[in-house]
Amino acid sequence: MDIMHHLLTAQFMEPLLLTLKVAGLATLAATILGIAMAYVLARWRFPGRDVVDAVCTLPMVMPPTVLGYYLLVLIGRRGFLGVWLKDVFGISLVFTWQGAAIAATVVAFPLVFKSARAALEGVGRQFEDAARTLGQGELAVFLRVSLPLALRGVMAGTMLAFARALGEFGATLMVAGNLPGRTQTLSLAVYSAVQAGDDGLANALVIVISLVCVAILVGTSRLLQSQY
Amino acid sequence: MQFELDIVKRMRGAGEEFTLRSRFATTDNALVLFGPSGSGKTLTLQAIAGLLTPDQGRIAVNGDVLYDSRAGINLPTRRRGLGYLFQDYALFPHRTVWENVAFGLTPLFGRVSRRDARRVDELLDLFGLGGLARHRPAALSGGQKQRTALARALATRPRMLLLDEPFSALDQPLRLRMRKELANIIEKFKIPMIMVTHDTDEMESFAESVVVYRQGCVVGLHTSADMAQPDTTVCRAIHDQMALAYDNQ
Numbered sequence: 001m002d003i004m005h006h007l008l009t010a011q012f013m014e015p016l017l018l019t020l021k022v023a024g025l026a027t028l029a030a031t032i033l034g035i036a037m038a039y040v041l042a043r044w045r046f047p048g049r050d051v052v053d054a055v056c057t058l059p060m061v062m063p064p065t066v067l068g069y070y071l072l073v074l075i076g077r078r079g080f081l082g083v084w085l086k087d088v089f090g091i092s093l094v095f096t097w098q099g100a101a102i103a104a105t106v107v108a109f110p111l112v113f114k115s116a117r118a119a120l121e122g123v124g125r126q127f128e129d130a131a132r133t134l135g136q137g138e139l140a141v142f143l144r145v146s147l148p149l150a151l152r153g154v155m156a157g158t159m160l161a162f163a164r165a166l167g168e169f170g171a172t173l174m175v176a177g178n179l180p181g182r183t184q185t186l187s188l189a190v191y192s193a194v195q196a197g198d199d200g201l202a203n204a205l206v207i208v209i210s211l212v213c214v215a216i217l218v219g220t221s222r223l224l225q226s227q228y
Numbered sequence: 229m230q231f232e233l234d235i236v237k238r239m240r241g242a243g244e245e246f247t248l249r250s251r252f253a254t255t256d257n258a259l260v261l262f263g264p265s266g267s268g269k270t271l272t273l274q275a276i277a278g279l280l281t282p283d284q285g286r287i288a289v290n291g292d293v294l295y296d297s298r299a300g301i302n303l304p305t306r307r308r309g310l311g312y313l314f315q316d317y318a319l320f321p322h323r324t325v326w327e328n329v330a331f332g333l334t335p336l337f338g339r340v341s342r343r344d345a346r347r348v349d350e351l352l353d354l355f356g357l358g359g360l361a362r363h364r365p366a367a368l369s370g371g372q373k374q375r376t377a378l379a380r381a382l383a384t385r386p387r388m389l390l391l392d393e394p395f396s397a398l399d400q401p402l403r404l405r406m407r408k409e410l411a412n413i414i415e416k417f418k419i420p421m422i423m424v425t426h427d428t429d430e431m432e433s434f435a436e437s438v439v440v441y442r443q444g445c446v447v448g449l450h451t452s453a454d455m456a457q458p459d460t461t462v463c464r465a466i467h468d469q470m471a472l473a474y475d476n477q
């Protein structure tokens, strides 16, 4: 088989492992940030709440290249955060896999945020109140009641976020470039393989990505089936 | 029990403004807040538990101040030491009966102490829930749910029990049985209670004192001394206030 032939080559394995690292880290970061923001917006009333919600959702609707541009303005060599990072820590994120992870985090964040917010808002107020009357502080209420009751929705969002991070292309290209072995993730590798006319490699990459995405979608819909 | 409450809370919802002016004091151990739905009795109960913060006023139990706007005191719910029975029981659906009852005794990180675990077992036995310890709330009948909720509230040894329409989720025959059970439990634990209800039978079987609400205001307060009198004028006064409370509903 032509595809099997490609599976263990460096051209295939390098992007695969890099993608798993980038997408895994991005999903972790997006999950923590997404749950935190979702909790703030689901529980607290404050002026400008709608605006914050819109900004948090923005990465879902904006073209990834635009996001990548914003990220460059922020963390690029001349971006104000980028200059600060360079001066204080001597770090440059542009053209690194860490930069790719940040790009993937931003793109994946709204998927966790949206699902987590809906899930947390769906948790009956009375359960949290009951925990408070039983002597629990706010952290305990969140960790023992709100989060477990919202867990399925949050996990569904996390899986979608992982799928999205896995396939990230535009923002990653802008921030991290397409350097084989360093920042070339699966979707970038597909692009390069097609450009180079290497159809066999492109086929192998596309099939693996497709299978993973189908598995994630099936898992997500299973998770969202009702509980209790 | 010495209980005093004097609170004001303005609320806005759906364009309508509602003002709760709740004020009463009692030394009786069983108090019923009576009135039609939307008259402010449940809001008062929530304010006592600290689940609702009044705009101003004062709440004190046996000299302990739970809330005092002038002194800047607002004890968080978790430190008020009050047991609360919710109208729909609010049992944690992701926990078993045993875990629900043990919830208030379980530290955030770590396990229930052996002594507390024994207390949970005893409570389950007392409430006839021993065989259901590993069941989830979804598998329980209405009466079993109420017993679980009551055991859970009593597990933390509260100084007072707050009951929000405790029988409204039950059908009629069960309601009568659970009413007797609750009376026995309160007798056994000798725990003061405040109950919210709009059912006259429940009021008569539990109340030492009655506070009657109408449109956010207290329109009558009757203590055990009043209620004990065979005087028809007191009974009439209560009935008149109830009739009035249900006017314009």
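Residue numbers (the working numbering), protein chains in the order written: chain A, 1 to 228; chain B, 229 to 477.
Where a beta carbon is used, it is the ideal one built from N, C-alpha and C, also for glycine.
Going by C-alpha positions, A/I209 is about 14 Å away from A/E14. Close to chain A, meaning a Cβ-Cβ distance shorter than 9 Å, are the following residues of the region 387-409 of chain B: L390.
Excluding its 5 nearest sequence neighbours in each direction, A/G181 has C-beta neighbours in its own chain below 7 Å: E14, listed in chain order. Proximity to B/E432 across B/H467, B/R339, B/G311 peaks at B/H467, based on C-alpha coordinates. As for any beta strand (DSSP E) of minimum length 3 sitting wholly inside the region 260-343 of chain B, the runs are 284-289, 292-296, 310-313, ordered along the chain. Among the residues of chain A, those whose CB is under 7 Å from the CB of B/R306 are R132, G135, Q136, G137, following chain order. At a cut-off of 8 Å between beta-carbon atoms, A/L149 makes contact with chain B. Distances from the CA of B/R380 to each of B/M470, B/E350, B/G268, B/E245 were compared; the closest alpha carbon is that of B/E350. Separation of B/L382 and B/L261 (C-alpha to C-alpha, rounded to the nearest whole angstrom) is 21 Å. DSSP places B/S437 inside the beta strand (DSSP E), whose first and last residues are 437-442.
With a contact defined as Cβ atoms closer than 8 Å, A/M159 and A/G219 qualify at about 6 Å. Of the residues A/P59, A/Q195, A/A38, the one whose Cα lies closest to the Cα of A/A165 is A/P59. Between B/V289 and B/R442, the C-beta spacing is not below 8 Å. Boundaries around A/M60 are those of the alpha helix (DSSP H), 49-61, since no beta strand (DSSP E) includes it. If you check the CB distance, A/V107 and A/A176 do not come in under 8 Å. Setting aside the 5 residues that flank it on each side, B/L357 is surrounded in the same chain by V325, Q372, R375, T376, A379, each with a C-beta closer than 7 Å to its C-beta; the list follows chain order. The continuous stretches of beta strand (DSSP E) do not include A/L72, which lies in the alpha helix (DSSP H) extending over residues 64-75. One thing to note: A/A131 has its Cβ no nearer than 8 Å to the Cβ of A/A118. Contact annotation: B/I276 and B/L233 have beta-carbon atoms nearer than 8 Å. B/I235: member of the beta strand (DSSP E) spanning 231-241, first to last residue. From the beta-carbon of A/V154, no residue of chain B is found nearer than 7 Å; the closest lies around 14 Å away. Taking 9 Å as the cut-off between beta carbons, the residues of the region 291-317 of chain B near chain A are P304, T305, R306, R307, R308, G309, L310, G311, Y312, F314, Q315, D316, Y317, in sequence order. For B/G448, the uninterrupted beta strand (DSSP E) segment begins and ends at 445-450.
Residues of the region 331-343 of chain B that bring their beta carbon within less than 7 Å of a beta carbon in chain A comprise F331, G332, L336, in sequence order. Under a criterion of Cβ atoms nearer than 9 Å, no residue of chain A is adjacent to B/F355; the nearest Cβ is some 17 Å distant. Distance from the CA atom of A/A156 to the CA atom of A/A38, rounded to whole angstroms, is 14 Å. One finds A318, F320 in chain B with Cβ atoms closer than 7 Å to the Cβ of A/F127, taken in chain order. Close to B/A277, with beta-carbon spacing below 7 Å, are these residues of chain A in chain order: T133. Residue B/F417 holds the alpha-carbon nearest to the alpha-carbon of B/F355 among B/F417, B/F320, B/R342. Distance from the CA atom of A/R43 to the CA atom of A/E121, rounded to whole angstroms, is 8 Å. Annotation for B/F252: the continuous beta strand (DSSP E) segment containing it runs 244-254. Sorting A/D50, A/L18, A/A30 by C-alpha distance to the C-alpha of A/F162 places A/A30 at the top.
Listed along chain A, the residues sitting closer than 9 Å to B/R380 by beta-carbon distance are A130, L134. Within chain A, the residues whose beta carbon sits less than 9 Å from that of B/T384 are T133, L134, G135, listed in sequence order. Looking at the DSSP output, B/I422 shares a beta bridge with B/L259, B/L390.
The C-beta separation of B/R405 from B/E430 comes to about 13 Å, leaving the pair out of contact by the 8 Å criterion.
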